[in-house]
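Position 234 of the sequence shown, counted from 1, bears residue number 234 in the UniProt record's numbering, the numbering being contiguous throughout. We put the beta carbon where it would ideally sit given N, CA and C, even for glycine. Below is one structure, written out as structure tokens; comments come after it.
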Amino acid sequence: MTEKTTFDSNENLGYAIARVEKDSPETVVAKVRLMKALVQTRDPSSKEEDDLSFRRFLRARDLDVEKASAMFLKYLKWRHSFVPNGSISLSEVPNELAQDKMFAQGHDKIGRPITIVFGRNHFQNKDGGLDEFKRFVVYGLDKLCASMPPGQEKFVGIAELQGWGYSNSDMRGYGSALSILQDYYPERLGKLFIVHAPYIFMTVWKIIYPFIDNKTKKKIFLQIVFVESNKVKSTLLEDIDESQLPEIYGGPLPLVPIQDS
């Protein structure tokens, strides 16, 4: 008979985790329960987080409760420090918004919101610095997450790189965005279409790739699609209905700036 997976206040939490993982083919539900208890002993504010959030971090750490808990605690500490007011305001990212580089509209065939980022419009922020760019990344990701319909946890990105060049190759910025996505928004990226990538982009990609953690690398080949320039619309239509395509790819939807979405 499968042993009960709950535990009282006198039971050693570490033992409970080991017992569950060793003696039964535990369900995600049971591991979420254990993870929540472990995290709450370190950070009581985690009681405000929903089960879906815990599940995403569990999946990101291959259902290892202790590793996922450590990752979640790191996220909570970062969130309290970096977003103390609960959200990033427009007044905190004026220079980034002025570049008109991130847009969001429509959903793919399974309800994931779509964002389009124009690489040619991104330049290193000389006024607000790297911190403002980081805030902009968080602002954009939070907007996408807020637009997800019930039951959906992921988004789809289209990286439009036509016209992208070395002046846009902000290595520190790209590295920071990647770190934020993989460390604090795990399991949020459903698919990323890279469109019209110039040859020089691959040079930058080879520099960025080593900074991607190994667990993310395992998934990245399933998530990233390098689209042939003569097959952009047909490739996008495999995942997105034509009614949801932006005008620039032959659909009916005008581009909507992320702040207006």
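Going by DSSP, name the residue or residues bridged to residue i.
| i | result |
| --- | --- |
| P44 | According to DSSP, P44 bridges with nothing at all. |
| L253 | P246 |
| residue 286 | Because residue 286 is not part of the residues shown, which for the chain are 1 to 261, the question remains open. |
| L189 | F155 |
| M71 | Paired residues: none, contrary to the question. |
| residue 290 | Residue coverage of the chain in this structure runs from 1 to 261, which leaves residue 290 outside it and unanswerable. |
Could you have a look at residue i and say whether DSSP puts it in helix, strand or coil?
| i | result |
| --- | --- |
| H107 | strand |
| T115 | strand |
| F226 | strand |
| I194 | strand |
| N214 | helix |
| F7 | At F7, the pLDDT of 40 sits below 50, so the modelled position is not reliable; the number obtained from the coordinates is stated separately. DSSP places F7 in coil when its eight states are reduced to three. |
| W164 | coil |
| S87 | coil |
| H122 | coil |
| D241 | coil |
| S261 | coil |
| L38 | helix |
| L63 | coil |
What are the boundary residues of the beta strand (DSSP E) that residue i is part of?
| i | result |
| --- | --- |
| G157 | 155-160 |
Taking only the alpha-carbon atoms, compute the straight-line gap between residue i and residue j and give it to the nearest angstrom.
| i | j | result |
| --- | --- | --- |
| V225 | K36 | 35 Å |
| I194 | E160 | 6 Å |
| Y69 | V39 | The residue asked about is misnamed: residue 69 is Ser in this sequence, not Tyr. For S69 and V39, the distance between alpha carbons rounds to 6 Å. |
| F72 | F57 | 7 Å |
| V256 | Q105 | 6 Å |
| Q162 | P198 | 7 Å |
| S167 | F123 | 7 Å |
| L245 | R42 | 45 Å |
| S171 | V227 | Correcting the residue identity first, residue 171 is Met in this sequence and not Ser. Going from the Cα of M171 to the Cα of V227 covers about 23 Å. |
| Y249 | I240 | 11 Å |
| K31 | D260 | 38 Å |
| residue 298 | L76 | The question about residue 298 has no answer here: the residues shown for the chain are numbered 1 through 261. |
| K233 | V29 | 40 Å |
| E66 | L141 | 26 Å |
| T203 | Q182 | 22 Å |
| S147 | R112 | 9 Å |
| residue 269 | G190 | Here the chain comprises residues numbered 1 to 261, so residue 269 is not present and cannot be evaluated. |
| S176 | P186 | 15 Å |
| Y174 | N214 | 18 Å |
| E247 | K47 | 43 Å |
| L178 | I212 | 7 Å |
| F133 | V93 | 7 Å |
| N95 | D64 | 40 Å |
| S45 | I200 | 45 Å |
State the CB to CB distance for the pair residue i and residue j, rounded to an integer number of angstroms; the pair is presumed to be in contact (CB under 8 Å).
| i | j | result |
| --- | --- | --- |
| V137 | I180 | 5 Å |
| I158 | I116 | 5 Å |
| I258 | K143 | 6 Å |
| G251 | E242 | 6 Å |
| Q223 | L192 | 6 Å |
| Q99 | N121 | 5 Å |
| R79 | C145 | The pair is not a contact, with the Cβ atoms about 13 Å apart (cut-off 8 Å). |
Between which two residues does the alpha helix (DSSP H) holding residue i run?
| i | result |
| --- | --- |
| V137 | 129-146 |
| E96 | 94-97 |
| W205 | 199-208 |
| F54 | 51-60 |
| I180 | 171-184 |
Let me check you understand the geometry: is the CB of residue i closer than 7 Å to at least one non-hydrogen atom of the ligand MG?
| i | result |
| --- | --- |
| Y249 | This structure lacks the ligand MG, and indeed carries no ligand of any kind. |
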